[in-house]
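Visitor: The structure under discussion is supplied below as structure tokens; questions concerning it will follow.
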Amino acid sequence: MVGAATSGWFLENAWLIPVIPGLAFFVIILVGKRLPMKGSEVGLASMAAATVLSVGALYQWIQRTDAAAGVEGESGPLRLLSGFARSIAASEGGAAEPFVEPIIRQWTWWQNAGIEFGLGQHIDGLAVMLLFLVTFISLLVQVYSLEYVRGDRRYTHFFAAITLFSAGMLVMVLAENMVQLILGWEIMGLCSFLLIGHWWEDEANARAALKAFFTVRIGDVGLLVGTAILFFGANAWSQDNLGTSGFSIEGISGWALSGEAGSSQVLLWGAVALFIAAIAKSGQFPLHTWLPDAMAGPTPVSSLLHSSTMVVGGVFLVARLYPVFWTAFDIPDVSLNFIVLIAGITIVISALLAFVQNDIKKVLAYSTVGQLGYMMLGLGAGAWLPAVFHIFTHAFFKCALFLCAGSVSHSGSHHSFDMKKDMGGLAKKMPITAGAWMIAGAALAGVFPLAGFFSKDEIIDNVGHNGYTVFMWIALGGAFLTAAYTVRATYLTFFGEPRGAAAGEHHTMEEAHLEAALVSHDAPHDIQQEPILEEEKVAHGLEAPVPQDVVAHGVGHDSHDAHGGAHGAHGAHSAHGSEPHESPKLILIPICILALFSIFAGFTNALAFGEEWEKFKEYVEPRPEAVELAALDEAGAETEEGANGLRLPQAEEGDEGAGGEEAPTGCGRTVPGGSADCYFPAVDHAEFTWSKALLSLAFVGAGLVTSWVVCVALYTKRNRRLVGLTDRFRPARAGYLFLANKYYLDDLYEKVIVHGLAHPIARAGYWVNQHVIDGIVNAAARVGRLFGGWAYRNIDQRVVDGAVNASGTVANSTGTALRPVQSGKVNQYGALLFGAAAVAAVVLVIINV
Amino acid sequence: MLTVNFLLLGAVLFSIGVFGVIARRNAVLVLMSVELILNAVNLNFVAFALLHGNVDGQVFALYVIAVAAAEVGVGLAMVLLVYRNRRSISLDELSEMSG
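Chains as they are written, first to last, in this note's numbering: chain U, 1 to 849; chain C, 1 to 99.
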């Protein structure tokens with residue numbers, strides 16, 4: 001065996017990663033309010049610990065992958081370096097690299113009818129990558145929240161919920177079986193409800209939280225049904241071949257690729273049900289409507305929810321059970337399937353919707369919907385790796401964009417998110433936020449060489465390569481639209497003339513609500529307004545009339561500085577009043593780190609620079625070559641001793657053609673019968689060509705330039721032909737209204753489905769209730785009353801009472817009759833005694849004689 | 001023959017005792033009558049023991065004497081208390097237990 005440290009503590013104990021924030025949640029809930037920082041330190045510490053653990057796991061996974069590929073004699077950084085050299089050799093030699101066995105551990109949770117439900121971990125490249133992503137981004141978001149939600153009325157609960165939220169995602173990422181995956185999935189659903197409705201005093205927020213919860217619930221039904229279908233399909237195969245239940249991800253994957261599932265309807269319906277779950281969770285058409293409304297939550301929540309957790313859950317589900325979808329939808333051999341269809345529609349409609357939004361967070365929300373569409377498109381078209389890579393890069397730049405939007409609202413536009421009313425020209429006032437926004441925005445648009453370029457371009461490339469030509473063009477069109485709406489949002493926020501709060505105007509909450517109410521006449525809840533924190537409300541009352549009060553207020557805040565240095569920054573912020581200014585450090589540092597990652601994350605799989613840059617593919621994508629079952633068993637035994645988990649193919653097998661035939665590509669283990677158990681399909685990768693990249697860059701560039709020109713003409717120069725076009729030109733107006741009403745999907749759901757379906761059902765139910773059930777109940781009551789009356793009169797009064805009274809009377813008369821006997825005279829008692837004794841003696845004599 | 005005499009004496013004593021218990025009004029005399037009854041019974045025990053040549057009856061008689069002593073002790077104590085409370089030991093006046 002080569003490379004002793006192929007497994008290692010961090011990989012074996014990766015299950016600790018979700019456990020730590022899970023425990024932290026309880027600590028915060030129970031004692032958080034009594035801690036010096038109101039529980040936020042517990043959340044931060046747990047996320048920091050989880051980040052450390054996941055970085056350790058990431059490092060050891062890289063070691064393990066290298067060791068499996070046969071790198072010897074080096075350790076530490078040298079091993080990493082040698083990885084470059086080896087991958088060149090591998091690509092030149094054309095030899096496939098061996099499958100790296102995931103590290104699977106399982107503990108029984110509960111047992112029922114002979115089926116074990118386990119909790120455990122399934123650590124492979126995908127899981128390790130997402131563990132790192134989720135913990136790292138959660139940590140940054142929590143740091144950001146320290147400043148952003150400071151002074152909030154439910155500060156402690158916010159940190160508790162957001163910590164549990166990350167824990168839920170981590171549980172799901174690690175999931176060894178479907179039951180555990182559902183557990184994590186539901187924890188996230190619950191926490192998203194808590195966090196979106198964080199400011200539930202405002203009814204719109206509470207409604208948004210309910211909407212998110214119920215919409216995702218529709219998908220949850222699909223998840224449960226799909227899991228059940230797959231369990232009954234896979235259980236027998238899984239028990240026979242792997243000794244695991246049909247819930248285990250390994251078992252389901254193996255079964256789906258084993259050929260026994262083949263073209264079976266079971267697999268197809270299981271996949272459809274699971275994909276419905278993914279549609280709801282990942283905000284795909286037609287269940288995307290909850291995502292923009294989810295902006296009602298605090299900005300850090302939106303940021304976390306939209307980057308690495310929650311919405312990625314659906315994409316993760318598809319990526320995790322990829323063999324199921326691969327076989328069920330016959331991905332490699334057709335040019336249209338359920339997944340790409342949904343994803344294609346999603347990309348286009350979400351990008352168009354982003355153009356009519358005035359709320360900066362809603363623009364980002366629709367952009368998330370669109371980017372998730374890209375991921376789904378990639379998965380549906382057989383581009384597994386680019387899709388997963390896009391999860392990775394998208395998380396950084398989308399998180400950065402949301403945090404920037406939060407920063408703008410926190411310090412620039414006075415808690416408003418309305419780009420048209422309260423922003424504009426903020427680039428000069430908030431240079432760091434603006435810079436980070438533009439880097440992340442360019443990454444989103446897919447500008448070379450930022451993160452989004454590599455991942456999005458790879459998806460588009462591979463979608464075309466795998467024969468989904470129509471969808472490649474849709475994706476390119478989507479890229480054009482993405483670039484355009486990003487520019488529109490950037491322009492409205494950071495360039496042009498300052499407007500509203502950005503220009504230093506005051507407007508109170510009441511005004512804002514009034515405006516929101518006016519606007520919401522045709523598009524409800526379009527503008528989110530975060531509640532002004534308590535202390536700032538006070539500040540408003542003070543500083544509204546005269547400027548001198550502002551200074552006084554600033555002094556007042558200085559006295560708070562004793563509470564902590566960061567608070568001093570906030571005091572200064574309030575002292576500035578509503579004048580736009582740069583945000584404090586606690587907000588800027590996470591943003592800057594994320595912006596850095598938005599620049600460099602793409603280089604982890606920069607196909608454009610050559611094969612040796614494909615680190616992401618090397619470490620995340622499961623390898624296609626099988627390993628011998630014998631080697632596996634041996635290694636498995638050793639793994640249990642904690643020594644070694646390395647699987648290596650026999651050396652000659654790779655060289656001989658025959659060996660290659662016995663082990664079909666895309667498989668995990670070779671079993672003695674000469675066949676192989678597969679855990680991952682052999683996906684095809686498109687070659688990178690500059691011509692295709694330039695084509696997509698041309699689309700992006702066209703989008704950027706067109707949008708910039710139109711924005712300048714429309715918003716700054718007030719070009720007469722463009723301004724008010726939607727009012728004058730009938731088709732344009734119709735299109736605008738169609739978009740502004742979100743394709744009437746909400747109306748469809750609320751008016752047609754809820755009113756049209758639920759209300760008749762409710763009415764019918766009411767009728768049944770009034771006439772049938774009430775009738776039955778009333779009749780039963782009447783019969784009961786009649787019977788009761790009869791029973792009262794006859795049985796109770798006569799029989800029962802009669803018996804009681806009779807016994808009383810008898811006792812009474814007997815007592816009266818016997819009363820004289822108890823004379824109280826001792827002599828009489830004595831006489832009775834002896835009389836009785838005499839009678840007894842006489843009786844005795846008579847009996848004996 | 002001899003035994004019959006003992007039994008006749010026992011019966012006479014028993015009858016006198018019963019008469020005393022029923023007819024006497026004085027508590028002390030009633031107690032004494034009870035003693036008479038007990039001794040009549042004792043006499044019977046001893047007589048039958050003689051008749052059957054068995055010592056069990058005599059043992060039982062001794063046992064009854066012991067119990068009778070205790071009974072008289074308790075009885076006289078009660079009479080004494082009654083006397084202290086009422087300055088009288090007439091049983092006719094002790095009819096509070098009347099039903």
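Yeah, the Cβ is synthetic: ideal placement off N, Cα and C, and Gly gets one too.
Since we're looking at a predicted model, the values are computed, not measured.
Tell me where the alpha helix (DSSP H) around Ile162/U begins and ends.
Guide: By one-based count along the first sequence, residue 162/U stands at place 162. It spans 155-174 - the alpha helix (DSSP H) in which Ile162/U sits, taken as one unbroken run.
Visitor: For Met188/U, count neighbouring Cβ atoms within 10 angstroms of its own Cβ and tell me buried if that reaches 16, exposed if not.
Guide: Taking the first residue of the first sequence as 1, we reach residue 188/U at position 188. Looking at its Cβ environment, which holds 16 or more other Cβ atoms inside 10 Å, Met188/U is buried.
Visitor: Residues in its own chain within less than 8 Å of Gly10/C by CB, not counting five upstream and five downstream?
Guide: The sequence position of residue 10/C within the second sequence is 10, counting from 1. Here the set comprises Ala40, Val41, Leu43, Asn44, Ala47.
Visitor: Could you tell me the distance, in whole angstroms, from the CA atom of Leu648/U to the CA atom of Gly424/U?
Guide: Position 648 of the first sequence, counted from the start, is the residue given in the question as residue 648/U. Position 424 of the first sequence, counted from the start, is the residue given in the question as residue 424/U. Residue placement at Leu648/U cannot be trusted, given a pLDDT of 36 that sits under 50; what the coordinates show is reported in the next sentence. Distance between the alpha carbons of Leu648/U and Gly424/U is about 60 Å.
Visitor: Near Leu230/U, which residues of its chain fall below 6 Å by C-beta distance, leaving aside the five closest residues on each side in sequence?
Guide: On the first sequence, residue 230/U is found 230 positions in, with the first residue counted as 1. Contacts found: Ile252, Gly270.
Visitor: Using a Cβ-Cβ cutoff of less than 6 Å, which residues in the same chain neighbour Asp522/U once the five nearest sequence positions on both sides are dropped?
Guide: If you number the first sequence from 1, residue 522/U lands on position 522. In this prediction, Asp522/U has a pLDDT of 41, which is less than 50 and means its spatial position is unreliable; what the coordinates show is noted afterwards. Around Asp522/U: no qualifying Cβ.
Visitor: When the Cα atoms are used, what is the spatial distance from Asn741/U to Ala475/U?
Guide: One-based indexing of the first sequence puts residue 741/U at position 741. One-based indexing of the first sequence puts residue 475/U at position 475. About 24 Å.
Visitor: Spell out a yes or no on whether the segment 682-689 of chain U and the segment 368-387 of chain U are touching, meaning 3 or more CB-CB pairs, one atom from each, closer than 8 Å.
Guide: Judged by Cβ distances under 8 Å, the segment 682-689 of chain U makes contact with the segment 368-387 of chain U, as three or more pairs qualify.
Visitor: Contact between the segment 422-438 of chain U and the segment 489-497 of chain U: three or more CB pairs below 8 Å?
Guide: Touching, yes.
Visitor: Can at least three beta-carbon pairs, one atom from the segment 41-52 of chain U and one from the segment 135-154 of chain U, be found at a separation below 8 Å?
Guide: Result yes; three or more Cβ-Cβ pairs closer than 8 Å.
Visitor: Which residue's Cα is closest to the Cα of Ser282/U: Glu458/U, Gly464/U, Ile342/U?
Guide: Numbered from 1 along the first sequence, position 282 holds the residue referred to as residue 282/U. With distances taken between Cα atoms, Ser282/U lies closest to Ile342/U.
Visitor: Please look up how many angstroms separate the CB atoms of Gly703/U and Phe389/U, rounded, as I've assumed it's under 8 Å.
Guide: Within the first sequence, the letter at position 703 stands for residue 703/U. Within the first sequence, the letter at position 389 stands for residue 389/U. Contact flag wrong, Cβ pair sits at about 22 Å.
Visitor: With C-beta atoms as the reference, is Tyr144/U less than 8 Å away from Leu586/U?
Guide: To locate residue 144/U, count along the first sequence from 1; it is residue 144. To locate residue 586/U, count along the first sequence from 1; it is residue 586. For Tyr144/U and Leu586/U, yes; Cβs fall inside 8 Å.
Visitor: Once the 5 residues before and after Gly541/U are set aside, which same chain residues still bring their CB inside 6 Å of it?
Guide: The residue you call residue 541/U lines up with position 541 of the first sequence. Unreliable positioning characterises Gly541/U in this predicted model, as indicated by a pLDDT of 41, which lies under 50. The coordinate reading is nonetheless provided below. Nothing meets the Cβ criterion.
Visitor: Between Ser823/U and chain C, is any beta-carbon pair separated by less than 8 Å?
Guide: Along the first sequence, read from residue 1 onward, the residue named residue 823/U stands at position 823. Yes, Ser823/U lies at the interface with chain C (some Cβ there is under 8 Å from its Cβ).
Visitor: From what residue to what residue does the alpha helix (DSSP H) around His685/U run?
Guide: As a position in the first sequence, residue 685/U is number 685, starting the count at 1. Careful: His685/U lies outside any alpha helix (DSSP H) and carries neither H nor E.
Visitor: Taking the straight line between their C-alpha atoms, what separation do you get for Gly125/U and Ala451/U?
Guide: Here residue 125/U is taken as the residue at index 125 of the first sequence, counted from 1. Here residue 451/U is taken as the residue at index 451 of the first sequence, counted from 1. Gly125/U and Ala451/U: Cα-Cα distance of roughly 20 Å.
Visitor: Could you spell out where the alpha helix (DSSP H) holding Leu372/U opens and where it closes?
Guide: Position 372 of the first sequence, counted from the first residue, corresponds to residue 372/U. Note, Leu372/U: alpha helix (DSSP H), 360-380.
Visitor: For the segment 8-26 of chain C, list every residue whose C-beta sits within 9 Å of some C-beta in chain U, in sequence order.
Guide: The residues in question are Val18, Val21, Ile22, Ala23, Arg24, Arg25.
Visitor: What in chain C is Cβ-close to Ala831/U, meaning under 7 Å?
Guide: For the purposes of this step, residue 831/U is identified with residue 831 of the first sequence, where counting begins at 1. Correct list: Ile22.
Visitor: Taking 8 Å as the CB-CB cut-off, is Ser90/C touching chain U?
Guide: Translated into the one-based positions of the second sequence, residue 90/C becomes position 90. Chain U contact via Cβ: absent.
Visitor: In chain C, what lies closer than 7 Å to Asn848/U by C-beta?
Guide: Counted from its first residue, the first sequence places residue 848/U at position 848. Those within 7 Å of Asn848/U in chain C number zero; the least Cβ separation is about 16 Å.
Visitor: Can you round the beta-carbon distance between Ala280/U and Val369/U to whole angstroms, since I take them to be within the 8 Å contact cut?
Guide: In the first sequence, counting from the first residue as 1, residue 280/U sits at position 280. In the first sequence, counting from the first residue as 1, residue 369/U sits at position 369. 12 Å between Cβ atoms; not a contact.
Visitor: Taking only the alpha-carbon atoms, compute the straight-line gap between Ala354/U and Thr108/U and give it to the nearest angstrom.
Guide: Position 354 of the first sequence, counting from 1, holds the residue named residue 354/U. Position 108 of the first sequence, counting from 1, holds the residue named residue 108/U. Each residue's alpha carbon lies about 47 Å from the other.
Visitor: On the criterion of 16 or more Cβ atoms from any shown chain inside 10 Å, does Met419/U qualify as buried, or is it exposed?
Guide: Position 419 of the first sequence, counted from the first residue, corresponds to residue 419/U. Flag for Met419/U reads buried.
Visitor: Select from the segment 58-80 of chain C all residues with a C-beta closer than 8 Å to any C-beta belonging to chain U, and list them in chain order.
Guide: Listed by position along the chain: nothing, the set is empty.
Visitor: How about Met97/C: is its C-beta nearer than 8 Å to some C-beta of chain U?
Guide: Along the second sequence, read from residue 1 onward, the residue named residue 97/C stands at position 97. Answer yes: the Cβ-Cβ gap between Met97/C and chain U drops below 8 Å somewhere.
Visitor: Which of the three DSSP states, helix, strand or coil, is assigned to Glu614/U?
Guide: Mapped onto the first sequence, residue 614/U falls at position 614. In the structure shown, Glu614/U sits in a strand (DSSP, three-state: E or B).
Visitor: Check whether the Cβ of Asn812/U lies closer than 8 Å to any Cβ atom in chain C.
Guide: Residue mapping note: residue 812/U aligns to position 812 of the first sequence, counting from 1. Not closer than 8 Å to any Cβ of chain C, the Cβ of Asn812/U fails to qualify, so no.
Visitor: Would Trp237/U be called buried (16 or more neighbouring beta carbons within 10 Å of its own) or exposed?
Guide: As a working note, residue 237/U is residue 237 in the first sequence. It is buried - the Cβ of Trp237/U has at least 16 other Cβ atoms within 10 Å.
Visitor: In this structure, how does DSSP classify Asn466/U when only helix, strand and coil are distinguished?
Guide: Counted from its first residue, the first sequence places residue 466/U at position 466. Asn466/U: coil per DSSP, three-state reduction.
Visitor: Checking 8 Å against the spacing of the C-beta atoms, do Val173/U and Leu130/U come in under that value?
Guide: Here residue 173/U corresponds to residue number 173 of the first sequence, with the count starting at 1. Here residue 130/U corresponds to residue number 130 of the first sequence, with the count starting at 1. The answer is yes: Cβ separation under 8 Å.
Visitor: Between Lys33/U, Leu44/U, Met37/U, which has its C-alpha nearest Ile20/U's C-alpha?
Guide: Taking the first sequence and counting its residues from 1, one reaches residue 20/U at position 20. Comparing Cα-Cα distances from Ile20/U to each of Lys33/U, Leu44/U, Met37/U, the minimum goes to Leu44/U.
Visitor: Going by the beta-carbon positions, is the gap between Tyr485/U and Ala395/U smaller than 8 Å?
Guide: Within the first sequence, the letter at position 485 stands for residue 485/U. Within the first sequence, the letter at position 395 stands for residue 395/U. No, Cβ-Cβ distance for Tyr485/U and Ala395/U is not below 8 Å.
Visitor: To which residues of the same chain is Gln142/U closer than 6 Å at the C-beta, ignoring the five residues directly before and after it?
Guide: Along the first sequence, one-based indexing puts residue 142/U at 142. Same-chain partners within the cutoff: Gly43, Leu44, Met47.
Visitor: Could you spell out where the beta strand (DSSP E) holding Phe854/U opens and where it closes?
Guide: No statement about residue 854/U is possible, as the shown extent of chain U runs from 1 to 849 and does not include it.
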